[in-house]
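Engineer: One structure is given below, represented as structure tokens, and several questions about it will come after.
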């Protein structure tokens with residue numbers, strides 16, 4: 004069976020009371036003083052332990068805030084057997100609880116925002132990866148199509164946006180697009196203009212490229 008300080012005090016009081024009743028008055032008086040001192044010390048120890056237990060249940064941030072506001076450590080409050088419900092601490096406790104609650108709410112909000120930002124970044128990366136994969140697939144498909152239609156050499160020129168002698172009109176358009184203007188020179192010549200660049204065709208094939 005666990006013997007608490009209070010139970011020990013009560014037992015000691017009973018013993019000393021018996022002694023006080025069976026000894027001389029002076030001895031009885033001394034015994035009473037001793038009883039009072041011991042009892043007071045034990046009660047103080049009990050209250051201090053209760054205060055310590057109560058403070059252990061309080062949020063750590065709240066305790067830190069309180070200590071800063073009143074410039075007294077929690078340990079000092081425990082030594083004075085002052086618990087969190089002490090009326091003298093109420094306004095400070097309420098202010099600190101509100102401060103900590105607001106700080107925690109702000110922290111949660113920041114975490115939510117950070118989480119959403121990460122999700123958006125991941126979604127953007129995934130979308131970019133899909134677009135890149137699609138673009139690569141289109142490039143490969145076009146490369147194969149150009150090779151099948153014009154051969155490997157002309158296909159390479161078209162992909163590099165180069166116009167060479169001997170290319171057809173269709174291959175030229177595939178390489179650099181349609182001209183800004185066309186001038187037909189009978190019977191079978193044409194002059195295409197791309198800004199300052201001129202391309203001449205004879206019988207449908209490039210015979211001149213220059214400015």
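Numbering (the working numbering), first residue to last: 4 to 214.
Note that the Cβ used here is the ideal one computed from N, Cα and C, for glycine as well.
Keep in mind that this is a model prediction, so the values were computed, not measured.
In three-state DSSP terms, what is residue 168?
Structural biologist: Note: residue 168 maps to coil in three-state DSSP.
Engineer: Find out if the Cβ-Cβ distance for the pair residue 171, residue 192 is shorter than 8 Å.
Structural biologist: Against a cut-off of 8 Å, the Cβ pair of residue 192 and residue 171 comes out as no contact.
Engineer: By the DSSP assignment, the alpha helix (DSSP H) with residue 108 in it spans what residues?
Structural biologist: Note, residue 108: alpha helix (DSSP H), 93 to 153.
Engineer: List the endpoints of the continuous beta strand (DSSP E) containing residue 208.
Structural biologist: 208 to 213 is the span of the beta strand (DSSP E), which, as asked, contains residue 208.
Engineer: Can you list, in chain order, the residues of its chain with a C-beta nearer than 7 Å to that of residue 213? Leave out the 5 residues immediately preceding and following it.
Structural biologist: Once the five neighbours on either side are set aside, the close Cβ partners of residue 213 are 201.
Engineer: Beta strand (DSSP E) containing residue 75: first to last residue?
Structural biologist: Neither: residue 75 is in no beta strand (DSSP E) and is coded neither H nor E.
Engineer: Does the distance from the CB of residue 75 to the CB of residue 54 come in under 8 Å?
Structural biologist: No. Outside cutoff.
Engineer: Rank 184, 165 and 183 by C-alpha distance to the C-alpha of residue 175 and give the top, closest one.
Structural biologist: Closest by alpha carbon: 165.
Engineer: Since residue 210 and residue 179 are thought to touch, with beta carbons under 8 Å apart, how far apart are those beta carbons, to the nearest angstrom?
Structural biologist: Not confirmed; about 16 Å, so no contact.
Engineer: Ordered along the chain, which non-local residues of its own chain (more than five positions away) have a Cβ less than 7 Å from that of residue 182?
Structural biologist: Cβ within range, chain order: 195, 196 and 197.
Engineer: Contact between the region 50 to 64 and the region 79 to 95: three or more CB pairs below 8 Å?
Structural biologist: Segments in contact, yes.
Engineer: Leaving aside the five residues before and after residue 186 along the sequence, list all residues of the same chain whose C-beta is less than 6 Å from its C-beta, in chain order.
Structural biologist: Within the same chain, residue 186 has close Cβ partners 194.
Engineer: Output needed for residue 61: all residues of its chain with C-beta closer than 6 Å, excluding positions within five of it in sequence on either side, in chain order.
Structural biologist: Cβ neighbours of residue 61 beyond the five flanking positions: 87.
Engineer: In terms of alpha-carbon separation, which member of 90, 138, 50 and 103 lies closest to residue 67?
Structural biologist: Answer by Cα proximity: 103.
Engineer: On the three-state DSSP scale, how would you describe residue 205?
Structural biologist: Of the three classes helix, strand and coil, the one that applies to residue 205 here is strand, per DSSP.
Engineer: Please classify residue 65: is it buried, with 16 or more other beta-carbons within 10 angstroms of its beta-carbon, or exposed?
Structural biologist: Answer is buried; the Cβ neighbour count reaches 16.
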